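Enquirer: In my numbering, the protein residues as written are 54 to 122.
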Amino acid sequence: ISGTDFEDNRTTLADWPKIKDSTPFGQLPVLYVDGKPIPQSFAIARYVAKQFGFAGASPFEAAWLDALG
């Protein structure tokens, strides 16, 4: 929607044991921003929404968006 370039790195089940220890909490998904990890789906969604203007125009709208999760 925003037209922002990104790199989509996926892992296979066979490769997962090799990278598991390098991920926060030993889980996926992880979004890397400037080399820094943001773990957990909800945290990633909130970051992306705020970064690109989809987080609500007011605290009330933001709360409703969080509720819709």
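Here a beta-carbon is modelled for each residue, glycine too, at the ideal position from N, C-alpha and C.
Just so you know, these numbers come straight off a predicted model, no measurement behind them.
Would you mind working out which of SER55, PHE59, LEU121 and THR65 sits nearest GLY88, comparing C-alpha positions?
Expert: Here residue 88 refers to the residue found at position 35 of the sequence shown. Of the listed residues, the one whose Cα sits closest to GLY88 is PHE59.
Enquirer: Please classify PRO82: does DSSP put it in a helix, a strand, or coil?
Expert: As a first step, residue 82 must be located in the sequence shown, where it is residue number 29. Coil at PRO82, not helix or strand.
Enquirer: Locate the alpha helix (DSSP H) running through LYS71, then write down its first and last residues.
Expert: Looking up residue 71 in the sequence shown gives position 18. Taken as a continuous stretch (DSSP letters only), the alpha helix (DSSP H) holding LYS71 covers 69-72.
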